[in-house]
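In the working numbering, the protein residues as written are 1 to 281. Ideal placement from N, C-alpha and C gives every residue a C-beta, glycine not left out. Bear in mind that the values here come from a model prediction, so they are computed numbers and not experimental data. To keep things clear, I will list the structure first and then write my remarks on it.
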Amino acid sequence: MMITVVNFSVDKNRIFDFVGKGQFGTVYKCEKEGNIYAIKIFNLDYVYNEFKTHGEDNRVTREIQALKIVDHENVIKMIDEGIFEDNSQSYVYVVMEYLDGVDLKEYLFSNELKLEDIDSLFRQIIEGLDAVHKRNIVHRDLKPQNIFITNDGKIKLLDFGLSKLIDFTSITSTGDTIGSPVYMSPEQVMDSKNVDYRSDYYALGVILFELIAKEFPYGEVTSREHLYYKIIHEPPLSILQFKPLTPNCIDNLIMNLLSKKNYQRPNNKKEIFSSYALAVN
């Protein structure tokens, strides 16, 4: 059973407030040496199943490893990690910087964004993603819920539980799909085992489309299978169908990011920015 009380300590981190609970763990607010942090305590069953199924190359280890090696202002910063005992149970935890703000999904729902707002957000997302890719990590679950906006407008990429270190053996089997369906690339839908950084660029294209139009690039779908079919076989809608005044360069960039074949997408941050700069300047 997951710990649900507050006002206890974990290795000198004084936990004093509950933040939220998800499928993989519970997040609290904690204090150490006068500083406020967030502490994520992984669910026992999740950790047990991951280590039992995948050994040391599991998603808990991957999330912690990814947070350890990426140091960038647009990626959440890890402070500490460890294991503590409670009632004869061992809990894995990670301490991160505490963020005040909302995720991009909530922000998008609550705000009408101008092009300059989208410009600032998009550039920061690219910078954070580039820092992740430079450490040979593929995020594999880039979506608005995993992108946080602080109260002062700073973007932070979150949640590396599905991330893949490119030089690690994949923990997915051939034919598996990993990620959030709307943001999956065609290759991710068909087989998550061999995706690379260009799958993250596909998700970036969906996010840019959503930032501008508050719609998805495949219109109405009736089921997950229907969505998968559209992602694999049908061309995405043009952003101009929803926002006719959008610069053509933005439309072209989105279409490039959403290319069915990963080799047709941009290869790096520079290529994305070179297309994008034409539209916003």
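Residue span of the beta strand (DSSP E) that contains residue i, given as start and end
i: residue 141; result: Unbroken run through residue 141: none, as it is neither H nor E.
i: residue 157; result: 155–157
Counterpart residues of residue i in DSSP-defined beta bridges
i: residue 30; result: 15 and 37
i: residue 89; result: 86
i: residue 190; result: Paired residues: none, contrary to the question.
i: residue 150; result: 101
i: residue 42; result: 25
Assigned secondary structure, residue i (DSSP; H/G/I helix, E/B strand, else coil)
i: residue 219; result: coil
i: residue 20; result: strand
i: residue 169; result: For residue 169, the pLDDT reaches just 35, beneath the cut-off of 50, and the residue's location in the model is therefore unreliable, although a value from the coordinates is still provided. Looking at residue 169 - three-state DSSP - the assignment turns out to be coil, as it is neither helix nor strand.
i: residue 260; result: coil
i: residue 78; result: strand
i: residue 8; result: strand
i: residue 246; result: coil
i: residue 255; result: helix
i: residue 95; result: strand
i: residue 241; result: helix
i: residue 181; result: helix
i: residue 112; result: coil
i: residue 49; result: helix
i: residue 73; result: coil
i: residue 175; result: Because residue 175 carries a pLDDT of 40, less than 50, the predicted location of this residue cannot be relied on, and no value is offered for it.
i: residue 2; result: With a pLDDT of only 48 at residue 2, under 50, the local geometry of the prediction cannot be trusted, and no value is derived from it.
CB contact flag (residue i, residue j, <8 angstroms)
i: residue 204; j: residue 147; result: no
i: residue 122; j: residue 211; result: yes
i: residue 258; j: residue 202; result: yes
i: residue 224; j: residue 181; result: yes
i: residue 30; j: residue 95; result: yes
i: residue 40; j: residue 60; result: no
i: residue 98; j: residue 42; result: no
i: residue 126; j: residue 272; result: yes
i: residue 185; j: residue 262; result: yes
i: residue 37; j: residue 79; result: yes
Residue burial classification, residue i (beta-carbon count within 10 angstroms, cutoff 16)
i: residue 266; result: buried
i: residue 274; result: exposed
i: residue 89; result: exposed
i: residue 283; result: Residue numbering for the chain in the displayed model covers 1 to 281; residue 283 lies beyond these limits and cannot be assessed.
i: residue 150; result: exposed
i: residue 67; result: buried
i: residue 35; result: exposed
i: residue 82; result: exposed
i: residue 241; result: exposed
Heavy atom of the ligand HEM within 7 angstroms of residue i beta-carbon
i: residue 245; result: The model on display carries no ligand, and the ligand HEM is accordingly not part of it.
Extent of the continuous alpha helix (DSSP H) run through residue i
i: residue 102; result: Taken as a continuous stretch (DSSP letters only), residue 102 belongs to no alpha helix (DSSP H), being part of the beta strand (DSSP E) at 101–103.
i: residue 209; result: 197–213
i: residue 118; result: 115–134
i: residue 63; result: 59–69
i: residue 225; result: 224–233
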